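J.: Residues in the sequence shown are numbered consecutively from 880, following our numbering.
Where is the CB? At the ideal position from N, CA and C, for every residue including glycine.
Please read these numbers as outputs of a predicted model, since none were measured by experiment.
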Amino acid sequence: MHNHNFTVVVEDLSSVKKKLNVTVPAAEVKKAVDETYRSLKNEVSIAGFRKGAIPMSILKSRFAEHVREDVTKRIVESSYPHVLHEQSFSPVAPPQIELLTEKFDEAGDLSYSATVEITPEVVIDGYKDMDLEWRSIDVTERDLDEAMERLRVSRATYKEVERPADTGDLVVVDFDSFLDGKQIKDGKGKDFNVIIGEMTPLPGFDDALKGTSKGDVKDADITFPENISKKELAGRQARFSITVKSVKAKYMPEIDDELAKDLGMESLPALKERVRVDMINAKDVEEKERLKNVILDRLIENHPFEVPETLVNRYQAIILNKVAESMSKGAVAPEDQGLNVDELKAKYRVQAERHVREDVVLDAIAAFEKVEVSEEDLNGAVQNLASSRGISFDALMKRIEQEGALEVVRDGIKHEKVFDMIFEASKTAE
880 MHNHNFTVVV EDLSSVKKKL NVTVPAAEVK KAVDETYRSL KNEVSIAGFR
930 KGAIPMSILK SRFAEHVRED VTKRIVESSY PHVLHEQSFS PVAPPQIELL
980 TEKFDEAGDL SYSATVEITP EVVIDGYKDM DLEWRSIDVT ERDLDEAMER
1030 LRVSRATYKE VERPADTGDL VVVDFDSFLD GKQIKDGKGK DFNVIIGEMT
1080 PLPGFDDALK GTSKGDVKDA DITFPENISK KELAGRQARF SITVKSVKAK
1130 YMPEIDDELA KDLGMESLPA LKERVRVDMI NAKDVEEKER LKNVILDRLI
1180 ENHPFEVPET LVNRYQAIIL NKVAESMSKG AVAPEDQGLN VDELKAKYRV
1230 QAERHVREDV VLDAIAAFEK VEVSEEDLNG AVQNLASSRG ISFDALMKRI
1280 EQEGALEVVR DGIKHEKVFD MIFEASKTAE
């Protein structure tokens, strides 16, 4: 299709969904048909004929169907990119192709339609001098005390004690479990840690250990919860035979120079200052995230546009996959508890649509402002991510490339640059 003499009629199904009706003239069709028969003539062998000397009538009677499919496919594949280019559409997914020519005629025109979703064309303004109110960031003494206390708790250790176990103690046990006198498959544990008074996979197991001491052997009847993954055990009472190996009490370090040195700082004041700076940085990041949402809320509200269904579906699928994965590990977001599949889908559909709108707005600004992402930017971002996860740059880069996520990272950097530009240009009330 070098001399584009096809005709295109565009039907606007919506601002982001177009139906392109393409008609390829008979001469082009005939040329493609002749080419296909010519190559067939040289490739095919039929008993009783020399290769390359098969009469056209025989080829036609045998291969008409094959030629029809081949020609149709070739014509669509060669014309569609030109059609897109002429219309300057940027599709978000491959088109849905439908043949419009009822009966294929080697001497007639060929018509097909390509229905395609495109990125919305939007012009965004009003992002240059936004009124943004940065909330003042301060870390109070109380904030600092709470952070130090959390630090102390995180450095807790357990030391063995020679006394009966009580709430907060860590008890190390071996156990075996029986249902109606029969051993439960995989129902044994060795050197199993239980903290009394904390959530355990088996409610009641920790209570059974209260008051026991090292060396005690004890039988306890414990009922399995209804939501246990092994359905045959749900709600049933089992007999557990438990041997206590040791009882350990929790010891928390004092908030002093000793603790600071353990954490690699020279003194307690130095540690406190470090924690304070970390808290300010964290609050700063939080405030920036809040303002990014404020910016997006305003820009989205002031620029209504339609969004391509395909993109919304794509994001929704990604979000639902993550949710399903967390659920399979037993982690359900509190606000998702008790929602059925349809309710979850509806909820995350709203989220997905918002995500698409954010992308469109940020991409439009980035395109208008000619925001570029250099190799340096890309490597720097991957390097930061790698060190925050404690893995090597090369390993992370390889994984990103394998997952085909390089574009996602690039977009992320591009969007950050747009936000930085908006922050720079904003009227900030400190």
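Assuming Glu1145 is part of the beta strand (DSSP E), what are its boundary residues?
T.: Counting along the chain, Glu1145 falls outside any beta strand (DSSP E), and DSSP gives it neither H nor E.
J.: Pick helix, strand or coil for Arg1118, following the three-state DSSP scheme.
T.: DSSP places Arg1118 in strand when its eight states are reduced to three.
J.: Using the beta-carbon count (16 or more within 10 Å), is Glu1028 buried or exposed?
T.: Its Cβ having fewer than 16 others within 10 Å, Glu1028 is exposed.
J.: At a cut of 8 Å, does the segment 1096 to 1105 reach the segment 1028 to 1038 through at least three beta carbon pairs?
T.: Segments in contact, no.
J.: By DSSP, does Thr1036 sit in helix, in strand, or in coil?
T.: It is a strand residue.
J.: Counting beta carbon pairs with one atom in the segment 1247 to 1266 and one in the segment 1203 to 1222, are three or more of them shorter than 8 Å?
T.: Short answer: they don't touch.
J.: Can you tell me whether DSSP reads Ser1207 as helix, strand or coil?
T.: Three-state DSSP puts Ser1207 in a helix.
J.: Rounded to a whole number of angstroms, what is the C-alpha to C-alpha distance between Phe942 and Val995?
T.: Rounded to the nearest angstrom, the two C-alpha atoms are 32 Å apart.
J.: Pull up the distance between the alpha-carbon of Ala1117 and that of Ala1210, whole angstroms please.
T.: About 26 Å.
J.: What residues in its chain sit with their C-beta under 7 Å from that of Ile1292, if we drop five residues either side in the sequence?
T.: These residues qualify, in order along the chain: Val1252, Asp1256, Leu1257, Ala1260.
J.: Give the list of continuous alpha helix (DSSP H) stretches no shorter than 4 residues that lie fully inside the segment 1021 to 1097.
T.: For the segment 1021 to 1097, whole alpha helix (DSSP H) runs of length 4 or above, ordered along the chain, are 1084 to 1088.
J.: Please work out which residues of its chain come closer than 6 Å, Cβ to Cβ, to Arg1289, disregarding the five sequence neighbours upstream and downstream, and give them in chain order.
T.: Excluding sequence neighbours, Arg1289 sits near Val1252.
J.: So what's Asp891 in DSSP terms, helix, strand or just coil?
T.: If DSSP states are grouped into helix, strand and coil, Asp891 belongs with the strands.
J.: How big is the Cα-Cα spacing for Gln1195 and Lys1296?
T.: One C-alpha to the other measures close to 26 Å.
J.: With H, G and I counted as helix, E and B as strand and the rest as coil, what does DSSP make of Tyr1006?
T.: Reduced to three states, the DSSP call for Tyr1006 is coil.
J.: Cutting at 7 Å between CB atoms, please list the residues of its own chain near His1234, excluding the five before and the five after it.
T.: Only Tyr1194 meet the Cβ criterion.
J.: Measuring CA to CA, which of Thr998, Gly931, Thr951 is closest to Asp984?
T.: Comparing Cα-Cα distances from Asp984 to each of Thr998, Gly931, Thr951, the minimum goes to Thr951.
J.: Note down, in chain order, each residue of its chain lying with its Cβ closer than 7 Å to the Cβ of Lys931, except the 5 sequence neighbours on either side.
T.: The question names Lys, but residue 931 is Gly in the sequence shown. Same-chain partners within the cutoff: Lys920, Asn921.
J.: Which value, in whole angstroms, describes the spacing of the CA atoms of Ser1125 and Asp1238?
T.: Each residue's alpha carbon lies about 56 Å from the other.
J.: Report yes if the C-beta of Lys1109 is less than 7 Å from at least one heavy atom of the ligand COA; otherwise report no.
T.: This structure lacks the ligand COA; in fact it carries no ligand of any kind.
J.: Excluding sequence positions up to five away, which residues of its chain have a Cβ less than 7 Å from the Cβ of Ile1198?
T.: If we look at Ile1198 and ignore the five residues flanking it on each side, its Cβ neighbours are Tyr1227, Gln1230, Ala1231.
J.: According to DSSP, is Val1126 helix, strand or coil?
T.: Strand.
J.: For Asp1100, which three-state DSSP category applies?
T.: Of the three classes helix, strand and coil, the one that applies to Asp1100 here is strand, per DSSP.
J.: Over what stretch of residues does the alpha helix (DSSP H) that includes Lys1277 continue unbroken?
T.: Residues 1272 to 1281.
J.: Within a Cβ cutoff of 8 Å, which residues of the same chain sit near Ala1044, ignoring the five residues on either side of it in sequence?
T.: Excluding residues within five positions, the ones whose Cβ falls inside 8 Å are Val1050, Ile1075, Leu1088, Lys1089, Gly1090, Thr1091, Ser1092, Val1123, Val1126.
J.: Would you be able to state if there are at least three C-beta pairs under 8 Å between the segment 1166 to 1178 and the segment 999 to 1012?
T.: The answer is yes - the segment 1166 to 1178 touches the segment 999 to 1012, with three or more Cβ pairs under 8 Å.
J.: From Met1078 to Val1191, what does the alpha carbon distance come to, in whole angstroms?
T.: Cα to Cα, the separation comes out at about 39 Å.
J.: Candidates Asp1242, Ser992, Lys1038: which alpha carbon is nearest Thr998's?
T.: Of the listed residues, the one whose Cα sits closest to Thr998 is Asp1242.
J.: Using DSSP bridges, identify the partner residues of Asn900.
T.: Asn900 pairs with Val888, Ser992.
J.: What does a CB cutoff of less than 6 Å around His881 pick up in its chain, not counting 5 residues either side in sequence?
T.: Its pLDDT being 47, under 50, His881 is placed unreliably by the model, and the measurement read from it follows with that caveat. Same-chain partners within the cutoff: there are none.
J.: Should Val901 and Val887 be called a contact, given that it needs their Cβ atoms to be closer than 8 Å?
T.: A contact, by the Cβ cut-off of 8 Å.
J.: For Asp1017, decide whether its Cβ has a neighbour in chain C, counting only Cβ atoms nearer than 8 Å.
T.: The structure shown has no chain C; it contains just one protein chain.
J.: What does the alpha-carbon distance come out to for the pair Asp1055 and Thr1019?
T.: One C-alpha to the other measures close to 51 Å.
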